Amino acid sequence: MRKILFLVAVVFSVVFLQNCKSAKTDNYVAPKTLSYNKDIVPIMQTSCTPCHFPPEGKKEALNNYETVRVNIDEIIARVKLAHDDRKFMPFKSKKPVLNDSLIVVLETWQKQNMPQ
Numbered sequence: 002m003r004k005i006l007f008l009v010a011v012v013f014s015v016v017f018l019q020n021c022k023s024a025k026t027d028n029y030v031a032p033k034t035l036s037y038n039k040d041i042v043p044i045m046q047t048s049c050t051p052c053h054f055p056p057e058g059k060k061e062a063l064n065n066y067e068t069v070r071v072n073i074d075e076i077i078a079r080v081k082l083a084h085d086d087r088k089f090m091p092f093k094s095k096k097p098v099l100n101d102s103l104i105v106v107l108e109t110w111q112k113q114n115m116p117q
């Protein structure tokens with residue numbers, strides 16, 4: 002009985018380790034380097050206009066690289082607030098709520114030191 006259990010454990014370990022190894026090497030995809038112009042501008046234009054885009058917008062301008070870079074912490078914090086929080090953005094259903102994947106794009110861009 003011990004031999005059978007030992008054999009089953011060895012087979013299970015070999016199969017498990019082979020799958021782990023292939024998952025780490027064969028399927029690895031390097032993270033894409035994001036850029037402000039290609040990845041962030043479309044999010045800002047879709048979700049933050051016209052309120053944050055002069056001349057129509059009356060709120061803090063978020064229409065260029067420098068203003069978004071300086072305000073990225075607050076942007077991320079506000080899009081992650083509860084929808085009923087008065088500081089949640091986009092404000093009062095004027096624009097669709099950012100989905101999790103768009104928030105991840107903002108966070109990833111920030112972690113990559115906000116390339117232009």
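Counted from 1, the sequence shown has number 47 at position 46 by the working numbering; the numbering is strictly sequential. Beta carbons are placed, not taken as given, at the ideal position from N, Cα and C, and that holds for glycine. Fair warning: this is a prediction, and the values are worked out from it, not measured in the lab.
When you compare only the Cα positions, how much space is there between Arg79 and Tyr37?
19 Å
What span of residues does the alpha helix (DSSP H) with Ala83 cover, start to end?
It is not in any alpha helix (DSSP H) - Ala83 carries neither H nor E in the DSSP assignment.
Over what stretch of residues does the alpha helix (DSSP H) that includes Ile44 continue unbroken?
Per DSSP, Ile44 belongs to the alpha helix (DSSP H) from 42-49.
Just the Cα atoms here: how many angstroms apart are Gly58 and Cys49?
The straight-line gap from Cα to Cα measures roughly 9 Å.
Please classify Lys25 as buried or exposed, where buried requires at least 16 other C-beta atoms within 10 Å of its C-beta.
Its pLDDT being 47, under 50, Lys25 is placed unreliably in this model, and the value from its coordinates should be taken loosely. Exposed is the call here.
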